[in-house]
Amino acid sequence: MMDEKFPYKKTFILGFGFLGISIVWPIFNSFIPIFLQAGNPEYERQLIEAGREIPKVIGFGLGPTLAFFVMTWDNIINVFIQPWAGSKSDRTWNRFGRRKPWIMVGAPIAAIAFVLIPIANSILAIMVFILITNFGMALFRSPTVAWLGDLFPSKQRSQANGIINLMGGIGAAAALFGGGILFDRFGRSAPFIAGAIFMLTVLSFALIYVKEPKQIESQKSNQKDTSLLSNIKNVWRGENKNGVFVLLGILLWFMGYEALQTGLSSFSVFSLGLTPGQASIMTTLFAGSFILFALPSGLIATRIGRKLTISIGLIGMTVLFGLGFFLISSRLSLGV
0 MMDEKFPYKK TFILGFGFLG ISIVWPIFNS FIPIFLQAGN PEYERQLIEA
50 GREIPKVIGF GLGPTLAFFV MTWDNIINVF IQPWAGSKSD RTWNRFGRRK
100 PWIMVGAPIA AIAFVLIPIA NSILAIMVFI LITNFGMALF RSPTVAWLGD
150 LFPSKQRSQA NGIINLMGGI GAAAALFGGG ILFDRFGRSA PFIAGAIFML
200 TVLSFALIYV KEPKQIESQK SNQKDTSLLS NIKNVWRGEN KNGVFVLLGI
250 LLWFMGYEAL QTGLSSFSVF SLGLTPGQAS IMTTLFAGSF ILFALPSGLI
300 ATRIGRKLTI SIGLIGMTVL FGLGFFLISS RLSLGV
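And the structure:
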């Protein structure tokens, strides 16, 4: 019996949903830390001592601790909103579909607040717009991700996930590279406006062409919906602890990766003296790694297993992070 042909067309259509999500966060993580910290006298003193130019960015002069606490708000909101939205979307079905209503509500909320962030003229205003953006994104992220389970059987998900990550990487690269050029040429609002328009455009494409099944796998197998807390308890109390180790692994690798990704633009601007646009363009390297390895990782996982593939990636990431830390520390201590 021949293997079922992989549905590339359906995968790329679904990928537009992930592409929309991937457009906003790189712009968010690249520029907002700079807005929050620009004008901090300590950073300006360090740049003057190093003989570097102070970036011409109007900001609120926050210290790194408070600025990066603000940058964690999306993750805090996600802990509460995403599981709730995902669970509710499992039980949603109306004339628009199951997951689509959540995208139709969350995406416009996020887009409007996202565009208002760079024009905020007070710390209170920018924090309110950041919160609303985070809330809107959290509303539709989990339902969008759930499409992968709705539309693909288990044996096809690794390959589908690889293609979707490829599209997400392309979106992130376009956001960082294009956003950097737009920022330096047209001002601080340009990447946010372009990002919001592009997100709504590609999500509209997904809304039109993704065909949702009326019945999903959990309903076919008569599985009961459980809360996030109940699921965590079941994993923790189970005899097989693999689920616990997977959750801890995901927690730790995202702590390291997200901290580096979010902090890189601040380091580039306030330590190296780059413009925010140049810092954004440099961060394109993160998205480039997704583009290079998204498809190969999905194919490799299909061949050698997901666990071994993830382990290889985590070991490589740990080694590179450690090497980068020592190289940067030694160069800064020498005043290079």
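FYI, the numbering for the sequence shown is 0 to 335, going by numbering that gives the first Met the number 0. In this text, a Cβ means the ideal position worked out from N, Cα and C, and glycines have one as well.
If you check the CB distance, G186 and R51 do not come in under 7 Å.
Of the other Cβ atoms in all chains shown, fewer than 16 fall within 10 Å of the Cβ of Y208; this residue is therefore exposed. DSSP places N93 in the strand class (E or B) of the three-state scheme. Using a Cβ distance threshold of 7 Å, W101 and A84 count as a contacting pair. Fully contained in the stretch 138–185 are the following alpha helix (DSSP H) runs of length 4 or more, in chain order: 153–185. Here L206 is buried: its Cβ has 16 or more other Cβ atoms, across all protein chains shown, within 10 Å. For T261, the three-state secondary structure derived from DSSP is helix. By the C-beta criterion, the stretch 82–97 is judged not to be in contact with the stretch 301–310, since fewer than 3 inter-stretch pairs fall below 8 Å.
For R236, the secondary structure class from DSSP, reduced to helix, strand or coil, is helix. Collapsing the DSSP output to three states places M70 in coil. A contact is defined here as three or more CB-CB pairs under 8 Å, and the stretch 154–165 meets this definition with respect to the stretch 6–20. By the Cβ-count criterion, R140 is buried, with 16 or more other Cβ atoms from all chains shown falling within 10 Å of its own Cβ. Of S88, F27 and N160, the smallest CA-CA separation from A110 is found for F27. Going by DSSP, R44 is part of the alpha helix (DSSP H) stretching over P40 to E48. When Cβ pairs closer than 8 Å are counted between the two stretches, the stretch 158–173 is seen not to touch the stretch 121–135, the count staying below three.
Scanning L251, L35, Y42 and N39 for the CA closest to the CA of F67 turns up L35.
For Q214, no alpha helix (DSSP H) run applies, since DSSP gives it neither H nor E.
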